[in-house]
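Numbering-wise, my numbering puts 57 at position 57 of the sequence shown, and it's gapless, one number per residue.
Here the structure is laid out as structure tokens; the discussion comes afterwards.
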Amino acid sequence: MSSDAREWVWEHSSSRGTARLVLLSIADRVADEQCIAWASLTSLAERTNASRSTVRDALDRLLDGGELEQLDDLTGPQRSTVYRLPLAAMAVAQVAREQEADDGSASTDEPELGMTLRLSTLRRYGIRPREVPDFSGTVRNPAHPESGTSRRKPAHRRTGNRHSGVAESGPQNRSEPKVNRRYSSSGTGVTPASEWQVDPATHTWARQQGHLDRLGEEGLAAADAKWRVHRAAWKPRSAGAWAADWRSWVAREHPPGRPNLYALPGNGPGPAKPGGMTRAEAHTAALLAALGEPTGTE
């Protein structure tokens, strides 16, 4: 009977691309006129040579289009998912009904053509009911809402907030100033360095630690501007992370007017190193000069 299901897919299905390949793969496993088959996501991905996420999206499209149903009350071998091609089942049943009519033995007591499940037949193919107290043959199909309590399909894996009572978006820390919250509408609580503003707590830290007196207002502003230039290409971070990085930068910043190490004797182009100093000795002298220590060459 898989040939009848495949023929229906080839001739009548409106699916395209990967969805069509997935539907054909399921139809290829149909065993009888009920057009029911089991398949795992891994096997479908291998058969269609597509990724699991692509196959999952294709299944969602087929379920939404009504060409495929997922029978939540049934399970296949190794807990695999059980599917039915409802339109194909109805077409096969219609052909069988017409043949019976030609023979004069057609019955008219079936309420819905091709929709009644025969569980005893399905057991031969490894399909059985899930461990539930009652089996009613429910399916996942919006066209038949009266079929049971099963869901049409699970909630999309990439939408919604899994934690109840938690806001979708908001700052990571209540102490963050509002000026750094305006870029948190996506719920990530991050902002680029160019848009981050020095909050009152960070400014108080610079004053209490003596960096404001050491650098002065102009020096602190210059350090801030330099920090933004060097952090412009960095990925957005939270306000707390930028504040910590900014403090570390300011703590290492030297006040304006600090001697240029490369302008000391023995460095860069110019006269020869005094006393025949080696490059390592010249570097050591430059570092000691920066620290205000005697170099031994005075």
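Where is the CB? At the ideal position from N, CA and C, for every residue including glycine.
* How is residue 43 classed by DSSP in three states: helix, strand or coil? -> Along the sequence shown, one-based indexing puts residue 43 at 43. Secondary structure at residue 43: helix, using DSSP grouped into helix, strand and coil.
* To do: Look at the Cβ atom of residue 31, then the Cβ atom of residue 88, and state whether they are nearer than 8 angstroms.
  => To locate residue 31, count along the sequence shown from 1; it is residue 31. To locate residue 88, count along the sequence shown from 1; it is residue 88. No, these two residues do not count as a Cβ contact at 8 angstroms.
* Asked: Which residue's Cα is closest to the Cα of residue 222: 255, 53, 16 and 15?
  -> Residue 222 sits at position 222 when you count from the first residue of the sequence shown. Of 255, 53, 16 and 15, the residue nearest in Cα terms is 255.
* Taking three-plus beta-carbon pairs below 8 angstroms as touching, is the segment 33 to 49 in contact with the segment 75 to 95? -> At 8 angstroms Cβ cutoff, the stretches touch.
* Touch test, the segment 215 to 235 against the segment 246 to 253, Cβ-Cβ under 8 angstroms, three pairs minimum -> Taking a cut-off of 8 angstroms for Cβ pairs, the segment 215 to 235 and the segment 246 to 253 touch, as three or more such pairs fall below it.
* **Range covered by the beta strand (DSSP E) that runs through residue 84** => In the sequence shown, counting from the first residue as 1, residue 84 sits at position 84. Note, residue 84: beta strand (DSSP E), 81 to 84.
* To do: List the DSSP bridge partners of residue 36.
  => Position 36 of the sequence shown, counting from 1, holds the residue named residue 36. Residue pairing by DSSP places residue 36 opposite 84 in a beta bridge.
* According to DSSP, which residues form a beta bridge with residue 128? -> Counting from one through the sequence shown, the residue named residue 128 turns up at place 128. For residue 128, the pairing in a beta bridge is given by DSSP as 75.
* Using 10 angstroms around the beta-carbon of residue 70, count the other beta-carbons present and answer buried if the total reaches 16, otherwise exposed. => As a working mapping, residue 70 is identified with position 70 in the sequence shown. By the neighbour-count rule (16 or more Cβ atoms within 10 Å), residue 70 is buried.
* Under 8 angstroms between the Cβ atoms of residue 62 and residue 55? -> Reading the sequence shown from its first residue, position 62 is the one you call residue 62. Reading the sequence shown from its first residue, position 55 is the one you call residue 55. Going by C-beta atoms, residue 62 is not nearer than 8 angstroms to residue 55.
* To do: Can you give me the Cβ contacts of residue 218 inside the same chain, cut-off strictly under 8 angstroms, excluding the 5 residues immediately before and after it?
  => For the purposes of this step, residue 218 is taken as the residue at position 218 of the sequence shown. Cβ within range, chain order: 256.
* Could you check the C-alpha separation between residue 241 and residue 216 for me, to the nearest Å? => As a working mapping, residue 241 is identified with position 241 in the sequence shown. As a working mapping, residue 216 is identified with position 216 in the sequence shown. Residue 241 and residue 216: Cα-Cα distance of roughly 24 angstroms.
* Asked: From residue 187 to residue 243, what does the alpha carbon distance come to, in whole angstroms?
  -> Against the sequence shown, residue 187 aligns to sequence position 187. Against the sequence shown, residue 243 aligns to sequence position 243. Only weak support exists for where residue 187 lies, its pLDDT of 44 falling under 50; the value from the coordinates is given anyway. Approximately 19 angstroms, taken between the alpha carbons.
* Asked: Who are residue 237's beta bridge partners in DSSP?
  -> Within the sequence shown, residue 237 is the residue found at index 237, counting from 1. Residue 237 pairs with 191.
* **residue 200 - containing alpha helix (DSSP H), residue span** => Mapped onto the sequence shown, residue 200 falls at position 200. Run containing residue 200: 200 to 208, per the alpha helix (DSSP H) assignment.
* Asked: With DSSP run on the structure shown, which of helix, strand or coil describes residue 109?
  -> To locate residue 109, count along the sequence shown from 1; it is residue 109. Because residue 109 sits at a pLDDT of 49, beneath the cut-off of 50, its placement in the model cannot be relied upon, and the point is left open.
* Asked: Do you know whose CA, among 67, 127, 86 and 193, lies nearest residue 236's CA?
  -> Reading the sequence shown from its first residue, position 236 is the one you call residue 236. Among 67, 127, 86 and 193, the Cα nearest to that of residue 236 belongs to 193.
* Asked: Taking DSSP as the reference, what is the three-state secondary structure of residue 309?
  -> The question about residue 309 has no answer here: the residues shown for the chain are numbered 1 through 298.
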